[in-house]
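Working notes, beginning with the structure itself.
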Amino acid sequence: LIMVLGSIAQVYSGLVHSRLLWSVAFLILFCNYTTSRPSSDLFWYIQLSRDSPQYVLRRDRYSEGSNSDEFKKRFDSRLNFTSSSVPLTIQRLQLSDSAVYYCALRPTVTTGYSVTVQ
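Shown next as structure tokens:
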């Protein structure tokens, strides 16, 4: 079963808000992007209630990318150049997955000190 919460048209300001059905085995969030750069890094972030956004993963054209240790087991993404999309798949959904998800064409969250995310 695939549950699509929505398409994100604006990569930098795209948000996905929804309630999840907890009987679903996995979830796919779609993010479409537009860029003039031939090779881009695509990033996913999660923002839990009352927290700052956290880095989830990065994907690029030339490597497998990387996942934050916290999200390695259940979060995955494949960069699709044909459709200019980077869908995020979350396996074995948990109540704690209820959050705001962001995708971005560049790193937008810096760790180690407080920064305003726009």
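Using my numbering, the letters of the sequence shown map in sequence onto residues 173 to 290.
Using N, Cα and C, we set each Cβ at its ideal position, and we do this for glycine too.
Model, not experiment: these values are computed from the prediction.
Spatial neighbours of residue i in its chain, beta-carbon cut-off 7 angstroms, leaving aside the 5 residues before and after
i	result
I262	F198, L199, R246, F247 and D269
Helix, strand or coil at residue i according to DSSP, with G and I counted as helix
i	result
D248	strand
L193	Note on L193: pLDDT 46, under 50, position unreliable in the model; no value is reported.
S238	strand
C275	strand
F293	The structure shown has nothing for residue 293, since the chain only spans 173 to 290.
S224	coil
F243	helix
L265	coil
F253	coil
Alpha carbon of residue i to alpha carbon of residue j, nearest angstrom
i	j	result
P225	A271	10 angstroms
R250	F202	11 angstroms
P210	L277	12 angstroms
N252	P259	8 angstroms
Neighbourhood of residue i by C-beta distance below 8 angstroms, restricted to the same chain and skipping five residues each side
i	result
Q219	P225, Q226, A271, V272, Y273 and Y274
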